[in-house]
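Our numbering numbers the first residue of the sequence shown as 2 and each following residue consecutively. Here is the structure we will look at.
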Amino acid sequence: MLFKPGFPILDYIINYDFIATELCENTSRPELGCNGKCHLKSELANEAKKDTTDSNKKKYTTLSLEILFFQNSIQNGLRTIKQLNKKVLNQYNCIYFRINITSIFHPPILV
């Protein structure tokens, strides 16, 4: 990754004569003194685009983890809890049922 932008520069140095005469976009205007730098600029821009697309792909990796937990003895526990709840609810209802029959609620008298 560190040397990747250097490859077009190394290619430009090694093939300087070929790039300056054949691949240069400004061969018709020698007064600019480009000597293939326009080609080097376009190659560096292409490398930068490749780096940004590669880095965007690497940023969005996801990790998924599934955890499963099994417990076999939960059915017996639920049955006993249901039986206890029925007994408590029956006694609870009976208490309030008798209170409502024997007494009538009177609001407090304010003095």
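We put the CB at the ideal spot given by N, CA and C, even for glycine.
Note on geometry: alpha-carbon atoms of isoleucine 15 and proline 9 lie some 10 Å from one another. For glycine 37, no alpha helix (DSSP H) segment is defined, and its DSSP state is neither H nor E. Around the beta carbon of isoleucine 20, a 10 Å sphere encloses 16 or more other beta carbons of the protein chains shown; the residue is thus reported as buried.
Taking 9 Å as the cut-off, the beta carbon of glutamate 44 is found no closer than this to the beta carbon of cysteine 35. By the neighbour-count criterion, in which 16 or more other beta carbons inside 10 Å mark a residue as buried, glycine 37 falls on the buried side. Here the C-alpha atom of aspartate 12 lies approximately 9 Å from the C-alpha atom of leucine 41.
In the structure shown, proline 9 adopts helical secondary structure according to DSSP, grouped into three states. Straight-line measurement puts the Cα of aspartate 52 at about 30 Å from the Cα of threonine 28.
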